[in-house]
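One structure is given below, encoded as structure tokens.
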Amino acid sequence: MPVVTQCGHYFCERCALQHYSGSSTCFVCSKPTNGIFNEVPKKFAQKQQKVQQEESEGNQGSDDGDDITTRVGASSIAVKNKRVDSDDSEENGILSKADREVFEEYQNKKKEVDRKKYASQTGWFIP
72 MPVVTQCGHY FCERCALQHY SGSSTCFVCS KPTNGIFNEV PKKFAQKQQK
122 VQQEESEGNQ GSDDGDDITT RVGASSIAVK NKRVDSDDSE ENGILSKADR
172 EVFEEYQNKK KEVDRKKYAS QTGWFIP
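Our numbering numbers the first residue of the sequence shown as 72 and each following residue consecutively.
This is the structure we're talking about:
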């Protein structure tokens with residue numbers, strides 16, 4: 072089940088709790104979470120369930136992949152939905168290759184937004 076922190080970052084519940092057991096700050100921005108992880112809106116959860124259901128019905132064998140757009144905060148990220156076979160990706164809270172790519176793309180988009188915001192507020196450009 073996906074959860075969202077007070078600072079607006081999304082994680083799987085298990086990953087968020089596992090990180091919280093070692094640190095009380097957000098994994099992305101290092102702001103204090105105070106142990107508060109809210110469930111994501113039902114609409115998002117329903118979309119996630121639908122994707123999982125389609126995968127379990129046999130769509131995961133396709134090499135072509137399906138385009139999926141995931142809305143995260145104010146950013147929209149389109150990725151190829153490719154199944155990554157990894158025995159330990161779910162059990163140990165390790166990100167699959169596809170999840171890692173989405174996370175890295177999200178981080179890059181966030182950095183770009185932060186640069187633009189800083190430049191618009193201060194007039195200084197960050198290369």
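A virtual CB, placed ideally from N, CA and C, is assigned to each residue, including glycine.
C-alpha gap between residue i and residue j, whole angstroms
i, j, result
"Lys-102", "Met-72", "22 angstroms"
"Thr-193", "Ser-167", "38 angstroms"
"Glu-126", "Tyr-91", "30 angstroms"
"Ser-94", "Glu-84", "15 angstroms"
"Gln-117", "Val-173", "20 angstroms"
"Lys-189", "Trp-195", "A quick correction: the sequence has Tyr, not Lys, at residue 189. Spanning the two alpha carbons is a distance of roughly 7 angstroms."
"Arg-171", "Ser-191", "30 angstroms"
"Asn-179", "Ala-169", "15 angstroms"
"Arg-186", "Gly-106", "29 angstroms"
Under the three-state DSSP convention, the category residue i falls into
i, result
"Asn-109", "strand"
"Asp-134", "Reliability of the predicted coordinates at Asp-134 is poor, the pLDDT of 49 falling under 50, and the value obtained from them is presented with this limitation in mind. Here Asp-134 sits in coil by DSSP."
"Thr-96", "strand"
"Cys-78", "coil"
C-beta contact flag for residue i and residue j at 7 angstroms
i, j, result
"Phe-98", "Val-74", "no"
"Cys-86", "Cys-100", "no"
"Thr-104", "Thr-76", "yes"
Cβ distance (whole Å) where residue i is taken to contact residue j below 8 angstroms
i, j, result
"Tyr-81", "Val-111", "7 angstroms"
Residue i beta carbon near the ligand MG (any heavy atom closer than 6 angstroms)
i, result
"Val-122", "Ligands in the displayed structure: none, and consequently the ligand MG is not present."
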